[in-house]
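J.: Residue numbers (our numbering): 495 to 1222.
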């Protein structure tokens, strides 16, 4: 019997949570100030001036119309207007250059808004360029029969269709998305995930999905194609990260309706002001009215809204999470309930033997030796850890028995072990497994269980560990001579460091966490208490997961969960935010609305944080945009109507130099504030795990009061600069 047990327990250790988070950060995105992105964004800013593009953003479309009108007005004044009794030559020249300055800054306002959107899209396009390099047009070995050794034909990858069987051998590029139906191979997925370490893909189970553009490093697999050309995972990724298929979310549409309604109201207000001014005996120039309109409508959020949405999806891409829609990212920010698998998410995942607990009358060394013999051929992390603990604690030899037959674990028996042939017709059988299964096995062979065993099993389960009962059966000539339970192996699944703190953060945000596990209720309760989750679902099945999700949703809550298997697909589809692992099955990935390319189950917490940050950023900048219009009332209205209504001079609290300076200062500030807020829109407002009430108060304090006060300061500074340069 071969032995592959490790020499030290270090091989069983998993990366710490902090290391996983650091790994995700290292996969970070390009800087927003990357020269290539900046050049592309500047060019796209001018391309987006096309009215057919601009009309999709009603606020900026109004600004563009105002820019065109003021530009025409400038040329009219420059070419066709001679001095009249209303204007002296000097006044006409001043008015002409004033109109030109306003026109230029209105065009800048539109360009800056386009630049913000182009910057957000530019990062996605850079990511798409990288993905295109991974998409290769290669040949494929399409099998003519289902047998790997049968005949095949060489075809180009674009000729493959859903349902085709292809043979991929060591060194070959996998030509399309599919499921492994035969064989096992090591696959390099670095072109997709950025992770250089190869992964194993095999038929049957939850690690059978393969992605086109990845490369087989060793062995061979037969792959059944699951996507036609143009519909592959890589094609969808490219379209999504470029923003080509980004659809506006419900909240974004609602906000668009609000700011469009405000724009229409202000258009009507500004149009109605001119008749009042004429009736009072003083006309207001069209340029001043357009400047007033542009400064009153919510241009800041109108110019940044699209960029905020695109940047939210981009932040998901930075974390190697592919969101299938902006709706999914936004839903992540509204999540009320998180469903998390225990194994690999809350705990490290590989349960390790921590102690041998023998029953009365049994030497602990005998228990350890029996447990080690039953685990020598067990290649699972749990089995290897039993061997390691027996060696370390008792110095037992790993040498196997010559006439030993290993009995693998099965879901039916819930046991594994070894049968060792002795002298004559004697047989020494050792079994380890679930307590009830081993007790039943012993009873079938004439032995009995004991109250001490039940107490020991329950005590270990209460501590959050998994009890693994060990028993031995002695037989001769096919008859049992002795059957007894030796004791219990305690398998401890360690809760990842920092998990309690993260769940505390979720709780402060009003998010309820539920741990899902196949463990018995006692073990589940202990781990749930140690990890700090709010609730748990023990002995979970696909049906109970679905039931739990529906119950939460019926209560008006939004639910997020992760999964990787075909049996997780119904629950992933039912959840409001379903995150599938990239290593999982095709069914799971198609059912989910997000795919984690790193296949890290704890990423669900980061997904929620990104969604929260998107909503916080949009809310903060909307608050700032509406608030900063207040100062512009005090700048432009006195400049436009103080001659007609001298009482309005009381509103000139900033003591701006001249009417032209007041209008121009407000227009310049209105343009510059968009460019100043682009980094905040792309990076997002700093995420803080606090509840909705404190968050609202904080936003009103920082972005509400800030939105009111900053324009007063900014407009006054611009006014002083214009006066100093003799431009006003």
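Every residue gets a Cβ at the ideal spot worked out from N, C-alpha and C, and that includes glycine. These numbers were taken from a predicted model, which means no experiment stands behind them.
Is it buried or exposed, residue 765, if we count other Cβ atoms within 10 angstroms and call 16 or more buried?
T.: It is exposed - the Cβ of residue 765 has fewer than 16 other Cβ atoms within 10 Å.
J.: What are the boundary residues of the beta strand (DSSP E) that includes residue 968?
T.: First-last of the beta strand (DSSP E) with residue 968: 960-970.
J.: Would you tell me roughly how many angstroms separate the C-alpha atoms of residue 559 and residue 815, rounded to the nearest one?
T.: Looking at the two C-alpha atoms, the distance is approximately 40 Å.
J.: Taking the beta carbon of residue 755 as the centre, do at least 16 other beta carbons fall within 10 Å, making it buried, or is it exposed?
T.: Under this definition residue 755 is an exposed residue.
J.: Taking the alpha-carbon of residue 753 as reference, which of 798, 711, 722 has the nearest alpha-carbon?
T.: Looking at the Cα atoms, 798 is the closest of the given residues.
J.: Considering only the alpha carbon of each residue, which of 809, 874, 683 lies closest to residue 1180?
T.: When only C-alpha atoms are compared, the closest one is 809.
J.: Relative to the C-alpha of residue 769, which candidate in 1035, 937, 783 has its C-alpha closest?
T.: Residue 769 has its Cα closest to that of 783, out of 1035, 937, 783.
J.: Return yes when the Cβ of residue 878 is within less than 8 Å of the Cβ of residue 986, no when it is not.
T.: Contact flag unset, no.
J.: Candidates 729, 790, 749: which alpha carbon is nearest residue 759's?
T.: Minimum Cα distance to residue 759 is reached at 790.
J.: In the structure shown, what three-state DSSP assignment does residue 683 receive?
T.: Reduced to three states, the DSSP call for residue 683 is coil.
J.: Any idea what DSSP makes of residue 521, helix, strand or coil?
T.: Because residue 521 sits at a pLDDT of 44, beneath the cut-off of 50, its placement in the model cannot be relied upon, and the point is left open.
J.: In the DSSP assignment, find the beta strand (DSSP E) that holds residue 915 and state where it starts and stops.
T.: 909-915 is the extent of the beta strand (DSSP E) around residue 915.
J.: Check for me: the beta strand (DSSP E) holding residue 1220 runs from which residue to which?
T.: Where residue 1220 is concerned, there is no enclosing beta strand (DSSP E), given that its DSSP letter is neither H nor E.
J.: Do you know how far the Cα of residue 812 is from the Cα of residue 779?
T.: C-alpha separation (whole angstroms): 49 Å.
J.: Which residues in the same chain have their Cβ closer than 6 Å to the Cβ of residue 599, if we skip the five residues on either side of it in sequence?
T.: The residues are 1161, 1162, 1165.
J.: Extract the residue ranges of the alpha helix (DSSP H) inside the stretch 527-577, only unbroken runs of 4 or more that lie entirely within it.
T.: Taking only runs of at least 4 residues, the alpha helix (DSSP H) segments lying wholly in the stretch 527-577 are 529-541, 545-548, 552-573.
J.: Does the beta-carbon distance from residue 857 to residue 1051 come in below 8 Å?
T.: Contact: no.
J.: Quick one: give me the first and last residue of the beta strand (DSSP E) that residue 636 is part of.
T.: It spans 633-637 - the beta strand (DSSP E) in which residue 636 sits, taken as one unbroken run.
J.: Check residue 1154 in the structure and name its three-state DSSP category.
T.: Reduced to three states, the DSSP call for residue 1154 is helix.
J.: In this structure, does DSSP put residue 841 in helix, strand or coil?
T.: Correct three-state label for residue 841: strand.
J.: Is it right to say residue 942 is buried, meaning 16 or more other beta carbons lie within 10 angstroms of its own, or is it exposed?
T.: By the 10 Å Cβ count, residue 942 comes out exposed.
J.: In chain order, what residues of the same chain have a beta carbon less than 6 Å from the beta carbon of residue 595, not counting five sequence neighbours either side?
T.: Closer than 6 Å at the Cβ level, and outside the excluded window around residue 595, lie 1158.
J.: Near residue 826, which residues of its chain fall below 7 Å by C-beta distance, leaving aside the five closest residues on each side in sequence?
T.: Cβ neighbours of residue 826 beyond the five flanking positions: 1054, 1071, 1101, 1102, 1104, 1105.
J.: Under a three-way DSSP split, which group does residue 928 fall into?
T.: In the structure shown, residue 928 sits in coil (DSSP, three-state: anything other than H, G, I, E or B).
J.: If contacts are defined as beta-carbon pairs under 8 Å, then residue 673 and residue 703 qualify, I think. What distance do you get, rounded to the angstrom?
T.: That pair is a contact at about 6 Å.
J.: How many angstroms separate the CA atom of residue 751 from the CA atom of residue 795?
T.: When rounded, the distance between both Cα atoms is 12 Å.
J.: Quick one, are the C-beta atoms of residue 681 and residue 636 less than 8 Å apart?
T.: Cβ distance not < 8 Å, so residue 681 and residue 636 don't count as in contact.
J.: Assuming contact is defined by CB atoms lying nearer than 8 Å, are residue 988 and residue 1122 in contact in what I supplied?
T.: Going by C-beta atoms, residue 988 is not nearer than 8 Å to residue 1122.
J.: Let me check understanding here. Comparing Cα to Cα, which of 983, 974, 717, 973 lies closest to residue 950?
T.: That would be 983, whose Cα lies nearest to the Cα of residue 950.
J.: Using the C-alpha atoms, what's the distance from residue 1082 back to residue 1065?
T.: Spanning the two alpha carbons is a distance of roughly 9 Å.
J.: On the criterion of 16 or more Cβ atoms from any shown chain inside 10 Å, does residue 530 qualify as buried, or is it exposed?
T.: Exposed is the call here.
J.: Are the CB atoms of residue 1108 and residue 824 nearer to each other than 8 Å?
T.: Yes, the Cβ-Cβ distance between residue 1108 and residue 824 is below 8 Å.
J.: Would you check if the distance between the CB atom of residue 1017 and the CB atom of residue 960 is smaller than 8 Å?
T.: Yes; because the gap between Cβ atoms is below 8 Å, this pair is in contact.
J.: Can you name the start and end residues of the beta strand (DSSP E) that residue 983 belongs to?
T.: Run containing residue 983: 973-986, per the beta strand (DSSP E) assignment.
J.: With a Cβ-Cβ cutoff of 8 Å, do residue 974 and residue 939 count as a contact?
T.: For residue 974 and residue 939, yes; Cβs fall inside 8 Å.
J.: CB of residue 1052 to nearest heavy atom of the ligand NAD: below 7 Å?
T.: The ligand content of the structure shown is nil, which means the ligand NAD is not present either.
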